[in-house]
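Residue numbers (the UniProt record's numbering): 1 to 386.
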């Protein structure tokens, strides 16, 4: 099924938000120093960290996309899976960076990663179509929420309203399954076909408005759930040379997935009660499980040990993205305020561990029709050339 194979370490981008008005009024100071012209930072007097990308509190959304995300998009259009994980303390700018809270008040300058990706994707597909009239593609989208360890399909109105009422059938339709080849897939998730950028943006907006948010000490509109916005790309690519007795050009099909994961913020300094407290417990439990998986994957001395993907629905859902067939970028978002020193340091250490993870990334090619044997042989030759 697979053609080109490569091994790739996680890429890690650090995004530092500006001080908030509340932090200015509280006379908070910045505790992070960014090295000029180098992707490294210092926090406190004795903690130094180096990442693949560092974006300070003056960085613009367009620059973040061009430097850290566009390389993933280029491979994604070539048939490789991709994932972006936005991680950090609540109120650190994850949702802003990802752009998964899109609404009619968002200015073009403040558009996040996902809206920019949508325009970029359709522009690239249009270029491919212009270069090869026989080329065709299909774009599908899904939008899942993991709230209190329950799945909610944000694009399925019926299950969404059931989940808000907490009925027994609210979340039973969405499940994680494994096929005979060991590949994970999501069952019961609604996938919508999109033929242009506006349709894809419409689904992003629709799902974003349905996400669970709430007010906390750290953030008045804190995301109370993990959200996974997925774009599936199916491409029919004509072969360069004719095959078979008819002399007609055969086509090959490649299918790639791009997961945009907006993780709910970690919480340690809250006075939450009731629903907010229960949400916080579920959020922290999922992030703890994610941290254990990242530690296990990134520790060379523990390569042969069990990876605890099944400890949480979050890690099980993201199993392929975390340690499987995906090029992965972790977008670590932090506050520069000295009042959040310990939480920021924790995020920096978390992101630093992720840099040690290496994934085996393959081009996803489907074989069907009369060209099966030819395609398989070409795929085998391509592997041998690596």
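By construction, the Cβ of each residue, glycine as well, lies at the ideal position given by its N, Cα and C atoms.
Per-residue burial, residue i [other beta carbons within 10 Å of its own, 16 or more giving buried]
i           : result
residue 127 : exposed
residue 330 : buried
residue 175 : exposed
residue 44  : exposed
residue 16  : buried
residue 180 : exposed
residue 277 : exposed
residue 61  : buried
residue 35  : exposed
residue 24  : exposed
residue 177 : exposed
residue 328 : buried
residue 94  : buried
residue 279 : buried
residue 357 : buried
residue 98  : buried
residue 185 : exposed
residue 347 : buried
residue 22  : exposed
residue 37  : exposed
Residue range of the unbroken alpha helix (DSSP H) whose run includes residue i
i           : result
residue 316 : 313-317
residue 127 : 113-131
residue 350 : 341-354
residue 23  : 21-25
residue 63  : 61-64
First through last residue of the beta strand (DSSP E) which encompasses residue i
i           : result
residue 256 : 251-262
residue 49  : 47-50
residue 189 : Residue 189 -> no beta strand (DSSP E), and no H or E assigned at all.
residue 69  : No beta strand (DSSP E) holds residue 69; DSSP gives it neither H nor E.
residue 110 : Where residue 110 is concerned, there is no enclosing beta strand (DSSP E), given that its DSSP letter is neither H nor E.
residue 359 : 358-366
residue 307 : Note, residue 307: premise wrong, no beta strand (DSSP E); not H, not E.
residue 149 : Counting along the chain, residue 149 falls outside any beta strand (DSSP E), and DSSP gives it neither H nor E.
residue 42  : 40-43
Helix, strand or coil at residue i according to DSSP, with G and I counted as helix
i           : result
residue 10  : coil
residue 295 : helix
residue 176 : strand
residue 281 : helix
residue 381 : helix
residue 35  : coil
residue 55  : strand
residue 203 : helix
residue 92  : coil
residue 18  : coil
residue 239 : coil
residue 74  : helix
residue 155 : coil
residue 338 : helix
residue 332 : strand
residue 137 : strand
residue 142 : strand
residue 102 : coil
residue 300 : helix
residue 194 : strand
residue 230 : strand
residue 208 : helix
Cβ neighbours of residue i in the same chain (closer than 6 Å, five flanking residues each side left out)
i           : result
residue 143 : 154, 155, 207, 229
residue 2   : Residue placement at residue 2 is flagged as unreliable, the pLDDT there being 43, under the threshold of 50; the coordinate-derived value follows with that caveat. These residues qualify, in order along the chain: 362.
residue 191 : 140, 142
residue 40  : 50
residue 235 : 137, 254
residue 11  : 52, 329
Contact set for residue i: own chain, Cβ-Cβ below 8 Å, skip 5 residues either direction
i           : result
residue 350 : 87, 291, 294, 332
residue 338 : 28, 29, 30, 31
Beta-carbon contacts of residue i that lie in its chain and below 7 Å, excluding the five residues immediately before and after
i           : result
residue 296 : 302, 305, 307, 308
residue 238 : 132, 134, 135, 249, 251
residue 326 : 81, 82, 83, 320, 359, 361
residue 92  : 17, 265, 333, 334, 335
Report task. Report yes or no: do the stretch 77-91 and the stretch 314-326 share at least 3 C-beta pairs separated by less than 8 Å? Result -> yes
Query raised in the report: So does the stretch 194-202 actually touch the stretch 135-142, counting three or more Cβ pairs closer than 8 Å?
Result: yes
Query raised in the report: Touching or not, the stretch 35-54 and the stretch 248-260, by the rule of three or more beta carbon pairs under 8 Å?
Result: no
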